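These notes are about the structure you will find just below.
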Amino acid sequence: ATLVTGGQVKAPRHHVAAPRRDQIAGSSRTSSVFFLRPNADFTFSVPLARECGFDVSLDGETATFQDWIGGNYVNIRRTSKA
672 ATLVTGGQVK
682 APRHHVAAPR
692 RDQIAGSSRT
702 SSVFFLRPNA
712 DFTFSVPLAR
722 ECGFDVSLDG
732 ETATFQDWIG
742 GNYVNIRRTS
752 KA
């Protein structure tokens, strides 16, 4: 929400505490997470993304979602092979 509104709507910071392993089976303490994925050409402000706490290592003032997710995919692949 923060990137879409140019910083006008602040996204909440939250932490989720997972149940202990013995509480998971048969428990109602499971959850599903749903993320909306923007279009590949969605453009956002790189400085604002950094200010909001996103780990953005792209150069320039703006970037597209495709630029950002493409870099993350490469980083995940490199990390998982290490």
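Residue 672 is where the sequence shown starts when you use this note's numbering, and the numbers rise one by one after that. Glycine included, C-beta positions come from ideal geometry on N, C-alpha and C. Being a predicted model, the structure only gives us computed values, none of them experimental.
Asked	Found
Minimum C-alpha distance to Q679 - residue among V727, A720, G742	A720
As assigned by DSSP and simplified to three states, the class of F715	strand
Residues near E732 by beta carbon distance below 8 angstroms, same chain, minus five either side	S716, V717, P718
Boundaries (first-last residue) of the beta strand (DSSP E) holding A734	733-735
Same chain only: Cβ atoms within 8 angstroms of S728, ignoring 5 sequence neighbours per side	G742
Own chain residues within Cβ distance below 7 angstroms of D726, not counting five before or after	none
Local conformation of R692 per DSSP, three classes	helix
Cα-Cα separation, Q737 to A689	31 angstroms
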